[in-house]
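Asker: Handing you this structure, nothing more for now.
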Amino acid sequence: MIKILFFVALVLALGFGFAWLADRPGDLIIAWQGQQIEMSLMVAVAAIVSIVAAVMILWWIVKVIWTSPHMIRRYFRASRRDRGYQALSTGLIAAGAGDAPTAHKMTKRTKGFLNADQEPLIHLLEVQTALIEGRNDEARKMFEELSEDPETRLLGLRGLYLEARRQGADEAARHYADVAAEQAPQLPWAGEAALSNRTVEGDWNAALSLLDKQRLAGMYPKDEVKRKRAVLLTARAKDKAEADPAAARTDALAALKLEPDFVPAALVAAQALFREDKTRRGAKLLESAWRAEQHPDVAEAYVNARLGDTPNDKLKRAQKLEQLRPNNAESFYAVARAALHARRFDLAREKAEAASRLAPREGIYLLLADIEEAETGDQGRVRHWLSAALRAPRDPVWTTDGLVSEEWEPVSPVTGKLDAFEWKVPVSRIGGTIEHGEDGTAPADKAIASLPPLAAEEDHDDLDDLEDEIDDEDADADAAPVIDAEAVKAETPKPAPAAVKAAEQKPEPTAEKEPAKATPLTGAPEPKASGLDTEETPKSDSAPAPVVAEKPADDETASEPDTDGKTVETAKPVPISEEKPAPSDAKNTKKPEKAEEEDHAFLKHRPDDPGIDETAEPETKQRFRLF
């Protein structure tokens, strides 16, 4: 732009000059070696300007010809450099995207266009390519080479730190972070790692010194620096609380100046004052902390501020906290606990119930259960409060990274992070457990609820009478002769009509039969003696065979359904004197097919009993049992 303006100004000056000369005409005469040259002034000036321009143009041409080799070399060098940086840019993008083939290709191309000693980014591209290709050992060696170069030392240290973390080498990772933090305290990754290393080791003095360097380097905002410093001072005071109460008090009070609402600092300072027999000052400090935040640890420390106090004295202290913060759940809770220890059950119950109305939670209901246990011992009421505690929200605790601690700690035991513990309600499960349904009931409970109710148990006296009656009938059955029965074929078991056919044959005494076992049903009528007798079968022309009583199925009774759907009990043995005269034997000559059709018409389904085993030995008589 400046050159253009200069050129325009020069043209305007020449034009103005020629116009001025044109307004003032004149002649120019040159006499040289006997010759005289005469011309106008305008022509003379134009000739002079033309000669100057020609000289300048000639000089430019000569200069271009003289410097052309260098210009040509510079042109080609610039072209190679441009192509090299283009390949480097493409390779870094490919490495960041995880494109190993493209990154490897661009690495070779970049080395062909650029000098690796003059461009450190080429080493970075090589390292990234080695990492995404899985050549971790080569990458670590490259990082070590980068850490030896002053220009790339921090880059190499960060790479070594990340590789050590990836391989689980914690000691090496701490070493690289400490070296990087010493050289550049403003680096966030190095500063946080180094600070975490010192806090995990409990080196609070070194941590405070490093925090000061980071504050001067502007690594953290002012508020965050104050918070971290307060936490470090509180941690150091906590370690010194028993050995050096004065130093612990100094550090804790300094932490309170930085963070007035920091409860752990107030607790440590108060405990240090109590050890120095400065109970009043420590109590005032806890009262100030209670006004700022109603924390149960503050109430516990305040109530037990002085050793040797009676439960009534502790109750008075708790009531003073209630006066400082009236109508507060934590105040009611503190008074209720102190009243329970003082055995003031009415007051304890009143305050605990008031706290449960304001902020129901698990600890309050557990306290109510303790009160009920101590006062009345009513286990029903105790279980009621315990059940309410199971369903109530959980109490807030010191928690971090999924862990719960009984007291505040400066560092997370999982990650080593400073100031990681928070006072809050721990993580809770959403909904019921896996084995429960949507409504929180177990599937087993649902299944049991779907079953019909059990019938009332029968009177044992009636059962005893029934058993005696059955024994008497068994004795009568043994004494009375019965008709010989014919063994029923296994393939065609004979049902109840066999008793009718048995009356048509000549009665003869048979072997003793075992009474069938009856299975009582829930809600069924009392069993009759007739249900224990066996069927009578007609006598065959051959030799009589002993009748073996058919054992009923486990889930069946001694009755069988007839064609009308009614229950037909099996016939009991009848003495010979009571037998009806047998009709003619013409009825016994029925065809097997017709008899089978009658059986099907009589029974809805074939019985499961295959019939009498002819090869079975006679069974001994057994006494009837109900179960």
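Numbering-wise (our numbering), the sequence shown opens with residue 6 and increments by one. A virtual CB, placed ideally from N, CA and C, is assigned to each residue, including glycine.
Ignore the nearest five residues each way along the sequence and tell me which others in Val132's own chain have a CB closer than 6 Å to its CB.
Answerer: The answer, listed in chain order, is Ala144 and Met147.
Asker: Please name the residue or residues paired with Asp32 in a DSSP beta bridge.
Answerer: Per DSSP, Ser45.
Asker: Mapping DSSP to helix, strand and coil, what is Ser152?
Answerer: Ser152 falls in the helix class under three-state DSSP.
Asker: Would you decide whether Met111 is buried or exposed? Buried here means 16 or more other CB atoms lie within 10 Å of its CB.
Answerer: The residue in question, Met111, is buried, as its Cβ has 16 or more Cβ neighbours within 10 Å.
Asker: Take Arg311 and list the residues in its own chain whose beta-carbon comes closer than 6 Å to its own, dropping the five residues that flank it on each side.
Answerer: Excluding sequence neighbours, Arg311 sits near Thr284.
Asker: Counting pairs of beta carbons, one from the region 39-59 and one from the region 72-81, are three or more of them closer than 8 Å?
Answerer: Judged by Cβ distances under 8 Å, the region 39-59 makes no contact with the region 72-81, as fewer than three pairs qualify.
Asker: Among all the DSSP beta bridges, which residues are the ones paired with Val273?
Answerer: For Val273, which the question treats as bridged, DSSP gives no partner whatsoever.
Asker: Would you tell me roughly how many angstroms separate the C-alpha atoms of Leu238 and Trp209, rounded to the nearest one?
Answerer: Roughly 8 Å separates the two Cα atoms.
Asker: Report the three-state DSSP secondary structure of Trp65 (helix, strand or coil).
Answerer: DSSP places Trp65 in helix when its eight states are reduced to three.
Asker: Would you tell me roughly how many angstroms separate the C-alpha atoms of Leu126 and Ala199, rounded to the nearest one?
Answerer: The straight-line gap from Cα to Cα measures roughly 27 Å.
Asker: Going straight from the alpha carbon of Leu395 to that of Pro365, what length do you get?
Answerer: One C-alpha to the other measures close to 12 Å.
Asker: For Ala274 versus Ala288, is the C-beta distance shorter than 7 Å?
Answerer: No; because the gap between Cβ atoms is not below 7 Å, this pair is not in contact.
Asker: Among Ser417, Pro155, Pro401 and Glu150, which one has its Cα closest to the Cα of Trp428?
Answerer: When only C-alpha atoms are compared, the closest one is Pro401.
Asker: Ends of the alpha helix (DSSP H) at Trp390?
Answerer: Segment Gln384 to Arg396, the alpha helix (DSSP H) holding Trp390.
Asker: Below 8 Å, how does it come out for the region 377-391 and the region 404-423: are there three or more Cβ pairs, yes or no?
Answerer: No, because fewer than three Cβ pairs between the region 377-391 and the region 404-423 fall closer than 8 Å, the two stretches do not touch.
Asker: Just the Cα atoms here: how many angstroms apart are Trp37 and Pro30?
Answerer: Taking the straight line from one Cα to the other gives about 23 Å.
Asker: Measuring alpha carbon to alpha carbon, tell me which of Ala248, Leu263 and Arg241 ends up nearest Lys227.
Answerer: The residue with the shortest Cα to Cα distance from Lys227 is Leu263.
Asker: Sort Leu26, Arg330 and Gln324 by Cα distance to Arg342 and report the nearest one.
Answerer: That would be Gln324, whose Cα lies nearest to the Cα of Arg342.
Asker: Measure from the alpha carbon of Thr204 to the alpha carbon of each residue in Val230, Arg241 and Gly117, then state which is nearest.
Answerer: Residue Arg241 is the option with its Cα nearest to Thr204.
Asker: Kindly give me the distance between the Cβ atoms of Leu423 and Lys218, rounded to whole angstroms, as I take these residues to be in contact under 8 Å.
Answerer: About 16 Å; that fails the 8 Å criterion.
Asker: Is Trp413 helix, strand or coil when you go by DSSP?
Answerer: In this structure, Trp413 counts as coil in the three-state DSSP scheme.
Asker: When the Cα atoms are used, what is the spatial distance from Gly382 to Leu261?
Answerer: Using only the alpha carbons, I get a separation of about 45 Å.
Asker: If you drop the 5 nearest sequence neighbours on each side, which residues of the same chain put their C-beta closer than 8 Å to that of Arg399?
Answerer: Excluding residues within five positions, the ones whose Cβ falls inside 8 Å are Arg366, Glu367, Val430, Pro431 and Ser433.
Asker: Which two residues bound the contiguous beta strand (DSSP E) that contains Thr404?
Answerer: Its beta strand (DSSP E) spans residues Val402 to Thr405.
Asker: Check Leu408 in the structure and name its three-state DSSP category.
Answerer: Three-state DSSP puts Leu408 in a strand.
Asker: Do Asp266 and Ala235 have their beta-carbon atoms positioned less than 7 Å apart in this structure?
Answerer: No, they are not a contact pair.
Asker: For the candidate residues Ser94, Ile137 and Arg86, whose alpha-carbon lies nearest to that of Pro106?
Answerer: With distances taken between Cα atoms, Pro106 lies closest to Ile137.
Asker: Hey, quick one: how far does the alpha helix (DSSP H) through Lys422 stretch, first residue to last?
Answerer: Where Lys422 is concerned, there is no enclosing alpha helix (DSSP H), given that its DSSP letter is neither H nor E.
Asker: Taking just the CA atoms, how far does Leu10 sit from Ile35?
Answerer: One C-alpha to the other measures close to 37 Å.
Asker: Residues in its own chain within less than 8 Å of Ser45 by CB, not counting five upstream and five downstream?
Answerer: Contacts found: Pro30, Gly31, Asp32 and Leu33.
Asker: Relative to the alpha-carbon of Gly103, which residue among Leu162, Leu93, Ala135 and Ala393 has its alpha-carbon at the smallest distance?
Answerer: Taking only the C-alpha atoms, the option nearest Gly103 is Ala135.
Asker: What are the start and end residues of the alpha helix (DSSP H) that includes Glu292?
Answerer: That run of the alpha helix (DSSP H) goes Thr284 to Ala297.
Asker: With DSSP run on the structure shown, which of helix, strand or coil describes Glu138?
Answerer: Glu138: coil per DSSP, three-state reduction.
Asker: Please classify Lys245: is it buried, with 16 or more other beta-carbons within 10 angstroms of its beta-carbon, or exposed?
Answerer: Its Cβ being crowded by 16 or more others within 10 Å, Lys245 is buried.
Asker: Are Glu355 and Gln299 close, meaning C-beta to C-beta below 7 Å?
Answerer: No, the Cβ-Cβ distance between Glu355 and Gln299 is not below 7 Å.
Asker: Please classify Glu377 as buried or exposed, where buried requires at least 16 neighbouring CB atoms within 10 angstroms.
Answerer: The residue in question, Glu377, is buried, as its Cβ has 16 or more Cβ neighbours within 10 Å.
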